[in-house]
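Taking it in order: structure first as structure tokens, then the write-up.
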DNA sequence: GCTATATGTAATAACGTTCTCACATTTTAG
DNA sequence: CTAAAATGTGAGAACGTTATTACATATAGC
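Here it is in structure tokens:
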């Protein structure tokens, strides 16, 4: 049988209250009793039941982390950052993947609400306000969004400077003489993509050039889809001399399509992508890319959330971390 | 304020018991009352409190997943597999990273015990039986080990056939004429490494060749360490013509060292590694490697654990999944 | 010496559920 | 028609904690 606080109390010849005080380290406890209780705790190997504690404290010291897919290194690093600071502050993490599926997201959020998580860190599957997010707000459960914004959702959001990151990358391509620059991005429903697209456009405007709209393509959020779109792009008359991809999946698809078309990077075509993975450094040629401080994003997200959990009431923040443009050999 | 079962009961003009019965879908409930209650639940937007439920049910529908680092794609895929079947069965997942640190592992396990997880899936940081794992067993909390074995720990273990996977890879190298085959592995404390090393040795024995012991090196569990060791290996007199690396970190380090030494793969040196990542396929040259069914391992681990949670009492299983040897262009 | 204050402890009520009874009422069987 | 079985409901205990209250006892200040 599990040993409870009462059994410890009994064996130590005190009341449960007293044991609770030494475990929780508050209030007055006589030195003699404290020693005795500590000894009994060790002897019986007593571990307090956090569930029972949550019941009365109305707090679980648990935060929900809802991402789209832990298999994507971007989210793995994000999760890592979140976990580190959460753990530091005594919180544990419930992890769930939505696969960009709103129905799943809503089921997950609902389950997490029932489990009474203290707060939620979420990478939303849609930028439209959804009922289940309204629900979270209505219950005044702290919520922090990461990577993507949700319309009319006034909470802390941690993102990178997508537009500027993209602008910088495309400007670099333009500077190196490229004019026919293709761009591939996915779901326009997601704020991040639109911002990166805006950055692409901005670079052209800044340079006083007209945007090659025929080379701007959107696709599904899979490598295969990006592959298909890029393959198509390469067959266009007056094909692109460079391609900018909006995230790591797209980059992978692009590399594949380019190689299969028998083109060499960077000799025949230049490639720059958003997201920097270990992969990019080890690939040959090493890929030039826009690096996001993902780990840091996770940490900041957790910090924001925990600040809210501690009662911070300041107005919602939109935090933009800066990307870093890493020049390697693919241009 | 949060709405509780009592408020629903009051508004519906019934007792809490009755509401509980319709929510939990058990026992007798009159059709009229059921309708009414359901309506009230929707109206008040009642969500049952899982914590309170856990309290009485003595089960949290939560399982702990303790890995070393979610940032390692191996574990990300593992986590993904676990999460999928856990979620399917109505369990949520608490995730934590040990960084191969026993002290951290012990703190994590302790925290998860307190949080009353129903069971634990763990990638142990050490193959020696540790007090905190004994603790888990003593409390009869179902435990499933993944990837690594722990001495005298009689629980389900999910692993791959490490020795055979390694043997196959090295045999392939031998078959292609290599004799001076280096091997790099990390922490010999971990069963997985020893098995892979055994596979390496087995391949040589099978071929009736003597093992080039001077080329067998162990290092830390980091890319940098592998890099250093491989760099050293390349400077040996009569250097290796091929290198077998025991996991993805080691492979990365090896690639880097080989490149910096100005050697070409596979012209000057052949490379085979354990673990197959997306990376391996996209790298140039594409890396020959021993692929593990990681996602499947995660799923099987979760299935085993859940079977135990449902009361299965059969003796502990050691499940070995087969690796797949993927021949690409690095040999 | 007598209030104040500090120190130490126990009893008890929450927390929000589920579950076991007990008790009605209705239906079925013979 | 009556006993037994099926259906429906509510009261109240239990789950393992923490927190509030009340009651001691010891120490200090005057």
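Chains as they are written, first to last, in the working numbering: chain W, 1 to 331; chain S, 332 to 662.
The C-beta atom is built at its ideal place from N, Cα and C for all residues, glycine as well.
* Determine which residues share a DSSP beta bridge with residue 185 of chain W and list them. => W/218
* Ordered along the chain, which non-local residues of its own chain (more than five positions away) have a Cβ less than 6 Å from that of residue 302 of chain W? -> Excluding its 5 nearest sequence neighbours in each direction, residue 302 of chain W has C-beta neighbours in its own chain below 6 Å: 82, 85 and 86, listed in chain order.
* Segment limits, beta strand (DSSP E) that includes residue 19 of chain W -> Taken as a continuous stretch (DSSP letters only), residue 19 of chain W belongs to no beta strand (DSSP E), being part of the alpha helix (DSSP H) at 16-24.
* Asked: Within 9 Å (strictly less), CB to CB, does residue 455 of chain S reach chain W?
  -> no
* Kindly indicate the opening and closing residues of the alpha helix (DSSP H) around residue 192 of chain W. => 191-206
* Per-residue DSSP class, three states only, for residue 487 of chain S -> strand
* Check residue 343 of chain S in the structure and name its three-state DSSP category. => Here residue 343 of chain S sits in helix by DSSP.
* Is residue 289 of chain W buried or exposed, if buried means 16 or more other CB atoms sit within 10 Å of its CB? -> buried
* Please decide whether residue 329 of chain W counts as near chain S, where near means a Cβ-Cβ distance under 9 Å. => Judged by the 9 Å Cβ criterion, residue 329 of chain W is not in contact with chain S.
* Asked: Whose CA, out of W/262, W/172, W/168 and W/143, lies closest to the CA of residue 158 of chain W?
  -> W/143
* Asked: With 16 as the cutoff for other CB atoms within 10 Å, does residue 210 of chain W come out buried or exposed?
  -> exposed
* Asked: Residues in the segment 17-30 of chain W with C-beta within 8 Å of chain S's C-beta atoms, listed in sequence order?
  -> Residues are counted here when their Cβ sits less than 8 Å from a Cβ of chain S; for the segment 17-30 of chain W the count is zero.
* Coil, strand or helix - residue 280 of chain W by DSSP -> helix
* For chain S, is any of its Cβ atoms less than 9 Å away from the one on residue 2 of chain W? -> yes
* Quick one, which of S/623, S/335, S/553 and S/654 has its alpha-carbon nearest residue 374 of chain S's? -> S/335
* **Near-chain W residues of the segment 404-416 of chain S - C-beta to any C-beta below 9 Å** => The segment 404-416 of chain S vs chain W, Cβ under 9 Å: 404, 406, 407, 408, 410, 411, 414 and 415.
* To do: Measure the CB-CB distance between residue 555 of chain S and residue 527 of chain S and report whether it falls below 9 Å.
  => The answer is no: Cβ separation not under 9 Å.
* To do: Mind checking which residues open and close the beta strand (DSSP E) that includes residue 650 of chain S?
  => Element bounds for residue 650 of chain S: 649-652.
* To do: Evaluate residue 49 of chain W with the Cβ neighbour count: other Cβ atoms within 10 Å of its Cβ, from every protein chain shown; 16 or more gives buried, anything less gives exposed.
  => buried
* **Contact set for residue 291 of chain W: own chain, Cβ-Cβ below 8 Å, skip 5 residues either direction** => 275, 276, 323, 324, 325 and 326
* Asked: What first and last residue would you give for the beta strand (DSSP E) that runs through residue 619 of chain S?
  -> 619-622
* Asked: Considering only residues of the segment 117-158 of chain W, which uninterrupted alpha helix (DSSP H) runs meet the minimum length of 4 residues and lie entirely inside it, listed in chain order?
  -> 131-138
* For the segment 366-389 of chain S, which residues have a CB atom closer than 7 Å to at least one CB atom of chain W, in sequence order? -> Going along the segment 366-389 of chain S in chain order, one finds 378, 379, 380, 381, 382, 383, 385 and 386 with a Cβ nearer than 7 Å to chain W.
* chain W partners of residue 391 of chain S, CB-CB under 9 Å? -> For residue 391 of chain S, the neighbours in chain W by C-beta distance under 9 Å run, in chain order, 51 and 115.
* **Any C-beta of chain W under 9 Å from that of residue 423 of chain S** => yes
* Verify the CB distance criterion: does residue 719 of chain S have a CB-CB separation below 9 Å to chain W? => Missing from the structure shown is residue 719 of chain S; chain S here goes from 332 to 662 and no further.
* Asked: Is it buried or exposed for residue 116 of chain W, if we count other Cβ within 10 angstroms and need 16 for buried?
  -> buried
* Asked: Quick check: the segment 534-553 of chain S against the segment 497-513 of chain S, are there 3 or more CB pairs under 8 Å?
  -> Yes, they touch.
* **For residue 576 of chain S, the residue or residues it bridges with in DSSP** => Within the DSSP secondary-structure output, residue 576 of chain S pairs in a beta bridge with S/515 and S/604.
* To do: Would you check if the segment 435-450 of chain S and the segment 386-396 of chain S touch, i.e. whether three or more CB-CB distances between them fall below 8 Å?
  => yes
* Asked: Under 9 Å between C-beta atoms, does residue 69 of chain W make it to chain S?
  -> yes
* Output yes if chain S places a C-beta closer than 9 Å to the C-beta of residue 139 of chain W; else output no. => yes
* Asked: DSSP beta-bridge partners for residue 97 of chain W?
  -> W/67
* Asked: How long is the line joining the alpha carbons of residue 129 of chain W and residue 531 of chain S, rounded to whole angstroms?
  -> 56 Å
* Asked: Since residue 515 of chain S and residue 574 of chain S are thought to touch, with beta carbons under 8 Å apart, how far apart are those beta carbons, to the nearest angstrom?
  -> 7 Å
* Asked: Who are the near neighbours of residue 647 of chain S in its chain, counting only those whose CB is closer than 7 Å to its CB and skipping five residues on each side?
  -> 485, 486 and 487
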